[in-house]
Amino acid sequence: MPLSLYDTQARAKRPFVPADPARVTMYVCGPTVYNFVHIGNHRPVVVFDVLFRLLRRTFGEDAVLYAANITDVDDKINRRAAEEGVAIDVITERYLAAYNADMAELGALRPTFQPRATRTMDAIIALIGRLVGNGSAYAAEGHVLFDTQACADYGVLSGHPMDEMIAGARVEVAPYKRHPADFVLWKPSKPGEPVWDSPFGAGRPGWHIECTAMIEQSLGLPIDIHGGGVDLLFPHHENERAQGACLHDHAQDRDRAYARYWVHNGFLNFGEEKMSKSQGNVALVKDLVKVAPGEALRWALLVGHYRAPLEWTGDLIAQSVKALDRLYGALRRSAGVAAADTGPDPAFLAALEDDLNTPAAMAELFGLATALETATGPGRAEAKGRLLASARLMGFLYGDPEAWFQGGANEALRARIDDLVARRSEARAAKDWPAADQIRDELAALNVEVMDGPSGATWRLKERT
RNA sequence: GGCCUGAUGGCGGAGUGGUGACGCAGCGGACUGCAAAUCCGUGCACCCGAGUUCGAUUCUCGGUCAGGCCUCCA
5 MPLSLYDTQA RAKRPFVPAD PARVTMYVCG PTVYNFVHIG NHRPVVVFDV LFRLLRRTFG
65 EDAVLYAANI TDVDDKINRR AAEEGVAIDV ITERYLAAYN ADMAELGALR PTFQPRATRT
125 MDAIIALIGR LVGNGSAYAA EGHVLFDTQA CADYGVLSGH PMDEMIAGAR VEVAPYKRHP
185 ADFVLWKPSK PGEPVWDSPF GAGRPGWHIE CTAMIEQSLG LPIDIHGGGV DLLFPHHENE
245 RAQGACLHDH AQDRDRAYAR YWVHNGFLNF GEEKMSKSQG NVALVKDLVK VAPGEALRWA
305 LLVGHYRAPL EWTGDLIAQS VKALDRLYGA LRRSAGVAAA DTGPDPAFLA ALEDDLNTPA
365 AMAELFGLAT ALETATGPGR AEAKGRLLAS ARLMGFLYGD PEAWFQGGAN EALRARIDDL
425 VARRSEARAA KDWPAADQIR DELAALNVEV MDGPSGATWR LKERT
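Per this note's numbering, the first sequence starts with residue 5, numbered consecutively.
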C-alpha cells in the first residue's frame with residue numbers, strides 16, 4: 005500500500021510520489037530559539053519524525069533529506085538578549101541546545117540538516133535580489149517588500165481570498181506598502197539589533213524569506229514535503245509559496261514549484277488553564293520528563309491523528325505510560341525470546357501509510373502485543389520481531405524493558421527491593437503467607453509492585469518519583 | 001466580518017453506505033495461597049432536523065455547539 009498524505013493545498017489525501025525517489029526532500033519549520041519551547045512546539049517534531057522514519061524505510065535511509073530550521077534572527081531574541089545584557093548568540097546557543105536535548109528525550113532522530121537563518125544570509129540576500137530583479141518585489145523607505153499583486157495566484161494555499169483578508173485585517177497597513185498584503189523581505193535594523201550589509205541597505209531579513217532561502221540552500225527547490233503547524237499556514241506558508249512561485253515563474257507546474265505536498269499538524273490545546281509563558285505554567289519537556297519518560301510524552305503526542313487538535317492533560321500522560329507498560333510488559337515476559345527478523349506488521353504499516361494514522365497504528369501494536377503474549381513455540385520469536393520492528397518504526401520500544409519498569413530506582417533502593425523480594429520468595433516457599441504479605445506491604449510502601457510468575461517474582465515501580 | 005476544521009461509549013480515540021477498532025476505567029471467568037500481571041469473555045456511544053437510499057454514524061442540505069486562522073505563535 006503506497007504512502008498517502010493529506011495535502012493542505014489540494015485539501016485532499018494524495019498518494020505520495022516524490023519528484024525523485026532517490027532524493028526525497030522534506031522541510032519543517034522549527035522554533036525561534038529565544039526561550040525553552042513548550043510541549044506544543046514538539047508536536048511537529050514528533051509527527052514529522054514519524055514521517056521521516058517512514059520515508060527512510062520506504063525510499064532508503066540515504067535517499068531522504070530532512071531539514072528542520074532554526075530561526076535565530078528575531079525581535080524576541082533581541083529583546084531577551086537585551087534583558088539579560090548578553091550577546092544574541094548566547095541566547096540562541098543556549099536555547100538551541102535545550103531544544104535539541106528535548107528532541108532527544110522525545111526519541112526524535114536528528115534531521116539531516118538544521119539550517120539557521122544567520123548562516124544563510126548570503127542566500128537570503130541573493131534571493132531577494134532575484135525577486136526584485138524579476139519584478140516580484142520592490143524597495144520602499146529602506147524596506148524591500150514582496151509584491152503580492154505580482155503573484156497571480158496569491159492565496160491558493162491557505163484559501164484566503166485576498167479581498168476578504170484585507171477587509172477583515174486587524175492590523176494597520178504600513179504606509180510604504182503598495183498593497184496591504186505585501187510583506188517584508190528586508191528591513192532596516194533598529195539600533196542595537198543585528199545588522200547585515202546588503203544591496204538594499206544595511207538591515208535584516210523578514211521571516212518568510214529566511215525559510216525559503218534555507219530550503220533552497222539546504223535542499224534545493226522544489227521540495228517534496230513542506231511541514232509545520234497549522235498556525236503557520238497563513239501568512240507564513242502562503243508567503244513562502246508565493247516567493248517560490250515567483251522565483252520559478254516559468255515553471256511548467258507553477259502550483260508545485262515550491263513544495264509538492266503541504267502537511268500541517270493541528271495544535272496542542274491545554275484545556276481551561278491556557279498555557280502561557282506569562283503565567284509560568286507552560287509544560288516544558290525538561291520538567292515533564294520528571295513525571296513521565298520521554299517515550300511516554302512521545303506516545304501522548306501521537307495518540308490523536310496529527311491533523312486533529314489534541315488536548316494536553318495529565319490524564320493523557322498517565323494513559324500513555326500505561327499503554328507503554330502494556331507493550332514493555334509483553335517484551336519483559338518474552339525476555340528470553342530472540343526476536344525474529346520479520347520487519348513491521350503489514351496492517352501496522354498500512355495504518356501509518358494512510359496519512360500517518362498513528363492511532364490505528366497504535367491499535368495494531370496492542371494487537372501485536374497480545375499476539376506475542378499468546379504465541380507459543382517458534383511463533384513467539386516471530387511475534388516479538390513484528391512487535392519490535394513495528395513499534396520502532398514509530399520510534400518506540402528502543403529501551404530495555406527492565407529499565408522501563410525499574411529505571412526510577414537508584415542502586416541503594418534496588419538492592420533493598422531485591423532483598424525484600426528474595427525474602428518474600430523464601431516466605432512463600434515456606435508457605436508463610438502472613439510473612440510474605442507483610443513484605444509485600446513493605447514493598448508497596450516503597451512504591452513497588454511485585455508480580456509472581458512461573459519463573460519467579462518480578463517487580464516494578466508503580467509511579468515515577 | 002471572512003476563511004477553515006470538528007461533534008463517536010464513563011474517559012481518550014480510529015473507522016465505515018449494511019455485524020461501531022483499539023487503550024484506560026467497569027463487570028464476569030481462568031490462573032494465583034491471596035493479589036498483581038497475563039489470558040478469555042462482557043456491558044456502554046456515532047450532536048439535532050430534513051433529504052438521497054432497500055438501508056445513513058458514514059453522502060447532501062440546514063441548524064446548534066466547539067475550536068483554529070485572518071497579528072513574525074508549532
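Quick reminder that beta carbons are idealized off the backbone N, C-alpha and C, glycines included. Owing to the predicted nature of the structure, the values given are computational and were not obtained by experimental measurement.
Check	Outcome
Using CA atoms only, rank isn't needed, just tell me which of E242, D423, A351 is closest to V454.	D423
Starting from the N-terminal side, write out each stretch of the alpha helix (DSSP H) that is 4 residues or longer and does not extend beyond the stretch 387-414.	405-410
Quick check: what's the CA-CA separation for V77 versus H212?	12 Å
Buried or exposed: Y99, going by 16 or more other Cβ atoms within 10 Å of its Cβ?	buried
Out of N73, R18, R61, H46, which one is the CA nearest neighbour of Y31?	N73
In terms of DSSP beta bridges, what is I229 paired with?	M30, Y265
Grab the span of the alpha helix (DSSP H) containing D93 for me, first residue to last.	92-109
Can you check which of these residues, R134, D157, V160, is closest to L149 by C-alpha distance?	R134
Could you tell me which residues DSSP pairs with G457 in its beta bridges?	G460
With burial defined as no fewer than 16 other Cβ atoms inside 10 Å of the residue's Cβ, what is the status of N138: buried or exposed?	exposed
Could you tell me which uninterrupted beta strand (DSSP E) segments, each at least 3 residues in length, are contained entirely in the stretch 119-167, listed from first to last along the chain?	141-144, 147-150
For V21, does the three-state DSSP call read helix, strand or coil?	coil
So V325 packs on A364, CB below 8 Å; how close in whole Å?	Incorrect: roughly 21 Å between the Cβ atoms, too far for contact.
What residues match up with G207 in a beta bridge as DSSP calls it?	W200
On the CB-based measure, 16 or more other CB atoms within 10 Å of its CB, does S338 come out buried or exposed?	buried
Check the DSSP bridge columns for W190 and list the partner residues they point to.	V148, P209
So who's on the other strand from F117, going by DSSP bridges?	A71
Would you mind sorting A312 into buried or exposed? The rule is 16 or more other CB atoms within 10 Å of its CB.	exposed
Using alpha carbons as the reference points, say which of T124, G333, L223 lies closest to K388.	G333
Look at R427 and I443 and say whether their C-beta atoms are less than 7 Å apart.	yes
Determine the DSSP secondary structure at H241, reduced to helix, strand or coil.	helix
Going by DSSP, which residues form a beta bridge with S8?	P19, D358
If the criterion is Cβ atoms closer than 7 Å, does the pair R302 and G44 meet it?	no
Which of the three DSSP states, helix, strand or coil, is assigned to H46?	helix
Is the number of C-beta pairs between the stretch 203-221 and the stretch 238-253 that are closer than 8 Å three or more?	yes
Nearest by alpha-carbon distance to D319: which of R390, V68, A304, A121 is it?	A304
With a threshold of 16 other CB atoms inside 10 Å of the CB of A449, please say whether the residue is buried or exposed.	exposed
Just the C-alpha distance for L7 and R418, rounded to the nearest angstrom, thanks.	46 Å
Taking its Cβ as the centre, do 16 or more other Cβ atoms sit within 10 Å of R83, making it buried, or is it exposed?	exposed
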